[in-house]
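> Take this structure, written in structure tokens, and hold onto it; I'll ask about it next.
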Amino acid sequence: MHAPQMPSFTSELPHIAGDVLARIRERRPRVHCITNSVAQNFTANVLLAAGAIPSMTVAPDEIGEFVARADALLVNLGTFNQERRDATEIAIATAVESCRPWVLDPVFVDRSLPRTAFARRLVAERPTVVRLNDGEFSALAGATPDDEALRRYALNQECVVALTGATDHATDGARFVRVENGDPLMGRVTAMGCAGTALVAAALAVEGDALAAAAAALMAFAVAGEVAAARAHGPGSFAAEIIDALYGLDRGTLRTRGRVT
Amino acid sequence: MHAPQMPSFTSELPHIAGDVLARIRERRPRVHCITNSVAQNFTANVLLAAGAIPSMTVAPDEIGEFVARADALLVNLGTFNQERRDATEIAIATAVESCRPWVLDPVFVDRSLPRTAFARRLVAERPTVVRLNDGEFSALAGATPDDEALRRYALNQECVVALTGATDHATDGARFVRVENGDPLMGRVTAMGCAGTALVAAALAVEGDALAAAAAALMAFAVAGEVAAARAHGPGSFAAEIIDALYGLDRGTLRTRGRVT
Amino acid sequence: MHAPQMPSFTSELPHIAGDVLARIRERRPRVHCITNSVAQNFTANVLLAAGAIPSMTVAPDEIGEFVARADALLVNLGTFNQERRDATEIAIATAVESCRPWVLDPVFVDRSLPRTAFARRLVAERPTVVRLNDGEFSALAGATPDDEALRRYALNQECVVALTGATDHATDGARFVRVENGDPLMGRVTAMGCAGTALVAAALAVEGDALAAAAAALMAFAVAGEVAAARAHGPGSFAAEIIDALYGLDRGTLRTRGRVT
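Taken in order, these protein sequences are the chains called A, B and C.
Under the numbering used here, think of the first position of the first sequence as 1, with each following residue one higher.
Under the numbering used here, think of the first position of the second sequence as 1, with each following residue one higher.
Under the numbering used here, think of the first position of the third sequence as 1, with each following residue one higher.
Structural data, given as structure tokens:
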């Protein structure tokens, strides 16, 4: 007789994603977002559709209060002005002090040296998760984003690395997940990546295993993207459909559509 | 023989809302909006759908010109930075001087002490209408938002108070209206409350009775929300549907659906 | 026997618009946008739907890098604060130095004297195209926007003038095009004109004849507006439909619907 086989982390992910979504819907975590002006509206709507409560202030004299009462923090560098840089320093200090999870989305660090320098300083503050694409990883880590480089970066920086693209990769240095879901239309709507990172922040508010939270959020969003693509006629309707799909996403759809290795 | 009964203000409200909408569509009032960066796009689209003409500049060297030529002013504290605080002072001074109606939406005053202090100073400038939710009223007025507290606040501050939630309440201290319309999906799209307040500003531009204007705008928006909810599949499609519904809203729908007491 | 008739520029425009769209989809030009906060999201989505890659930073210490690597620049004065004024000076200097085409959209210059003065200084830097409406032309040029005034302005400023309204007019001083396409719903969604100008910038990145690029972009957007209006139930659904229509716009539709003189 054989011992029952331990279900692997990856095979469990659709189930975990269902749990994480259920907890977000029930607990309605507050997610404070420092994000770029292009992404603010869509990000807020994605969080609300998932069940989270977004706030977005960047005023230095109040951001500390907002972060202290939030359950997670998102720092997105898309709008890179002095006001947001100051807000970011205060917000991260508050998150660290209050032991709140926080996610870094180093948008366009591959396009501007001041961003690269600033993002590196933020990584040193130990974000719970860093979510980025190939070019951004290369600029930030100074290495080609292969599996080994991602693992090493996660170990060195003591964070989860979530690299998104046609396939999403996430690792905490020990475990490694690949999510194959998604649709090309996700690249044709602005702020899609930014909103996905916000969903990672919401997941971190209800799930202590940061890799599970990150992978669950990316998977849920990518599956919602597939459902939306089947209904949309182009990127305009897709932007509304992905919000509807996320709002209505159920365990059955996650299980049927989830493609994780 | 009995004298014919005077129709009450509340029973007349669906009719008044129809009149107010018709006047906005015909006169196309200019509404200058100091509002938060998350809400700007949706607010502008709600005003345009209703027939009003929005403008949104906050630059101190030109906001005076914009407000002087506008028919109403919206001050929303959602983005609470120095630029908007300066703009707000100039805008309100111009509105008061030009006898233009203005509406205050003290977003999140219950989440930040600097906002509470700033909002209290603005209330002292006598807004025509203050639109807020339960938590914001409690923080601003220092009182639980029951009918008596709303009435007293309206009398003391000489303004109309419009408290929105599952039921909307509006009072000028003498009359009191409750609007029971709306849909839970309105809480799942960002800037819904902000856009509703902007519609109150548009209504004030064409209706001198501030309570009638505020109640008519809130009712029209809430009824549009019901029409939209019947067509939507989630908050993404709902955001587009409520704009379509407001654009096409007619007297018959207001009369049939209006639930006012 | 007669010599074969030369096809006129205007009769060729639907064909040119098809070529320009095909090149944008294939080459995916980068368009850096300094645009107002209300228009940013919609503008980015229109560019992405067309096949271009938008960026939107206005931070002075990095905008030079972004513009230097972009294929075209959009300068829209809708949000007229100090940060964007500084960013604009750097961006234009970089575009001129790198020989990149750039487009000026002098939003609301008819509503504020500081804008008029600033826009006039920018016109002296020789934008490739100036896109504006009747009121804005009058304020900027100090002349009623008839055909002769547009021609003279284009010659004097050595730029293409694109005047949009119920009919769009474009001239380089020598040639003159009128595009009769479009739908009134385009006036009921905020940022529609701003996004159209961004599409002109994308067209300039792939078409060296600035008049052809401007007219092709305006025509493609107006035809997309007609297709969208046939499917929409109001301005809310129209905003999504025009993005879908632009994404799917083909040569046959441009040829069938194009109304140019």
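Using N, Cα and C, we set each Cβ at its ideal position, and we do this for glycine too.
#1: Is there a C-beta anywhere in chain C that falls below 8 Å from the one on Asn41(B)?
#2: DSSP has Leu74(A) in a bridge; who is on the other side?
#3: If the cut-off is 8 Å on Cβ atoms, which residues from the region 42-70 of chain B count as contacting chain C, listed in chain order?
#4: Establish whether the CB of Gly248(A) and some CB of chain B are separated by less than 8 Å.
#5: Using a Cβ-Cβ cut-off of 6 Å (strictly less than) and excluding sequence neighbours within five positions of Val130(A), which residues of its own chain qualify?
#6: Under the rule that 16 or more other beta-carbon atoms within 10 Å means buried, what is Arg121(B), buried or exposed?
#7: Compare the C-alpha of Glu89(B) against each of Gly64(B), His169(B), Arg259(B), Tyr153(B) and name the closest.
#8: Taking only beta carbons into account, state which residues of the region 82-102 of chain B come closer than 7 Å to chain C, listed in chain order.
#9: Could you check what DSSP says for Arg152(A) in three-state terms: helix, strand or coil?
#10: Kindly list the residues whose CB is nearer than 7 Å to the CB of Met1(B), restricted to its own chain and excluding five residues on each side of it in sequence; keep chain order.
#11: May I ask you to list, following chain order, the residues of the region 226-240 of chain A that have a beta carbon less than 9 Å from some beta carbon of chain C?
#12: Any beta carbon of chain B sitting closer than 8 Å to that of Ile24(A)?
#13: Alpha carbon to alpha carbon, how far is Phe66(A) from Thr167(B)? Give it in angstroms, no decimals.
#14: Can you tell me the Cβ-Cβ gap for Arg111(A) and Phe80(A), rounded? I've got them flagged as a contact below 8 Å.
#15: Looking at chain C, is there any beta carbon in it that lies within less than 8 Å of the beta carbon of Thr190(A)?
#16: Check whether the region 176-183 of chain B and the region 43-52 of chain A touch, using three or more Cβ-Cβ pairs below 8 Å as the test.
#17: Scan the region 183-207 of chain A for residues whose Cβ lies nearer than 8 Å to a Cβ of chain B and list them as they occur along the chain.
#18: Taking Cβ-Cβ distances shorter than 8 Å, what residues in chain C pair up with Ser37(B)?
#19: From the beta carbon of Ile242(B), is the nearest beta carbon of chain C less than 8 Å away?
#20: So, are the CB atoms of Glu125(A) and Val96(A) less than 8 Å apart?
#21: Under 8 Å, do Thr35(B) and Gly78(B) count as touching if we go by C-beta distance?
#22: So what's Arg175(B) in DSSP terms, helix, strand or just coil?
#23: Is it buried or exposed, Arg84(B), if we count other Cβ atoms within 10 angstroms and call 16 or more buried?
#24: Does the Cβ of Leu113(A) have 16 or more other Cβ atoms within 10 Å, making it buried, or fewer, making it exposed?
#25: Between which two residues does the beta strand (DSSP E) carrying Arg188(B) extend?
#26: Could you have a look at Leu140(B) and say whether DSSP puts it in helix, strand or coil?
#27: For Asn76(B), count the other beta carbons within 10 Å of its own beta carbon; 16 or more makes it buried, fewer makes it exposed. Which is it?
#28: In chain order, what residues of the same chain have a beta carbon less than 8 Å from the beta carbon of Val31(A), not counting five sequence neighbours either side?
#29: Looking at chain A, is there any beta carbon in it that lies within less than 8 Å of the beta carbon of Phe80(B)?
#30: DSSP three-state call for Arg85(A): helix, strand or coil?
#31: According to DSSP, Asp134(A) sits in a beta bridge with which residue or residues?
#32: Residues in its own chain within less than 8 Å of Val20(C) by CB, not counting five upstream and five downstream?
#33: Answer yes or no: does any C-beta atom of chain C fall closer than 8 Å to that of Arg111(A)?
#34: Quick check on Val260(C): does DSSP put it in helix, strand or coil?
#35: Could you tell me whether the Cβ atoms of Leu246(B) and Ala49(B) are closer together than 8 Å?
#36: Please confirm whether Arg121(B) has its beta-carbon closer than 8 Å to some beta-carbon of chain A.
So, from the listed chains and residues:
#1: Under the 8 Å criterion on CB atoms, Asn41(B) is classed as interfacial with respect to chain C.
#2: Leu74(A) pairs with Cys33(A), Val103(A).
#3: When CB distances to chain C are screened at a threshold of 8 Å, the residues of the region 42-70 of chain B falling below it are Ala44, Asn45, Leu48, Ala49, Pro54, Ser55, Met56, Thr57, Val58, Ala59, Asp61, Glu62, Glu65, Phe66, Arg69, in chain order.
#4: Yes, Gly248(A) counts as interfacial toward chain B.
#5: Short of 6 Å from the beta carbon of Val130(A), and not among the five residues preceding or following it, lie these beta carbons of its own chain, in chain order: Leu104, Cys159, Val161.
#6: Taking every protein chain shown into account, the CB of Arg121(B) has fewer than 16 other CB atoms within 10 angstroms, so this residue is exposed.
#7: Answer by Cα proximity: Gly64(B).
#8: So the list reads Glu83, given in the order they occur along the chain.
#9: Looking at Arg152(A) - three-state DSSP - the assignment turns out to be helix.
#10: Any answer about Met1(B) is weak, because its pLDDT of 47 lies below 50 and its placement is not dependable; what the coordinates show is given next. Closer than 7 Å at Cβ, skipping near neighbours: no residue.
#11: Result list: Ala232, His233, Gly234, Pro235, Gly236, Ser237, Phe238, Ala239, Ala240.
#12: Chain B, which has no Cβ nearer than 8 Å to the Cβ of Ile24(A), makes this no.
#13: If I take the Cα positions, the gap works out to 27 Å.
#14: In fact, because the Cβ distance is near 10 Å, the residues do not count as touching under 8 Å.
#15: With 8 Å as the cut-off, Thr190(A) counts as an interface residue toward chain C.
#16: Counting Cβ pairs under 8 Å, fewer than three are found: no touch.
#17: Across the region 183-207 of chain A, no CB contact with chain B closer than 8 Å is found for any residue.
#18: The contacting residues are Ser37.
#19: So, interface residue.
#20: For Glu125(A) and Val96(A), yes; Cβs fall inside 8 Å.
#21: The answer is yes: Cβ separation under 8 Å.
#22: Of the three classes helix, strand and coil, the one that applies to Arg175(B) here is coil, per DSSP.
#23: Buried.
#24: Classified as exposed, Leu113(A) has fewer than 16 neighbouring CB atoms from the shown chains inside 10 Å of its CB.
#25: If you look at Arg188(B), you'll find it isn't in any beta strand (DSSP E); DSSP assigns it neither H nor E.
#26: Residue state, collapsed to three classes: helix.
#27: Buried, since its Cβ has 16 or more Cβ neighbours within 10 Å.
#28: Correct list, in chain order: Leu47, Ala52, Ile53, Pro54, Ser55, Ala70, Asp71, Ala72, Leu73, Leu74, Ala198, Ala201, Ala202, Ala205.
#29: Judged by the 8 Å Cβ criterion, Phe80(B) is in contact with chain A.
#30: Looking at Arg85(A) - three-state DSSP - the assignment turns out to be helix.
#31: According to the DSSP secondary-structure assignment, Asp134(A) is paired through a beta bridge with no residue.
#32: Closer than 8 Å at the Cβ level, and outside the excluded window around Val20(C), lie Ala203, Val206, Glu207, Ala212, Ala213, Ala216, Ala217, Ala220.
#33: Interface residue, yes.
#34: Of the three classes helix, strand and coil, the one that applies to Val260(C) here is strand, per DSSP.
#35: If you check the CB distance, Leu246(B) and Ala49(B) come in under 8 Å.
#36: So, not an interface residue.
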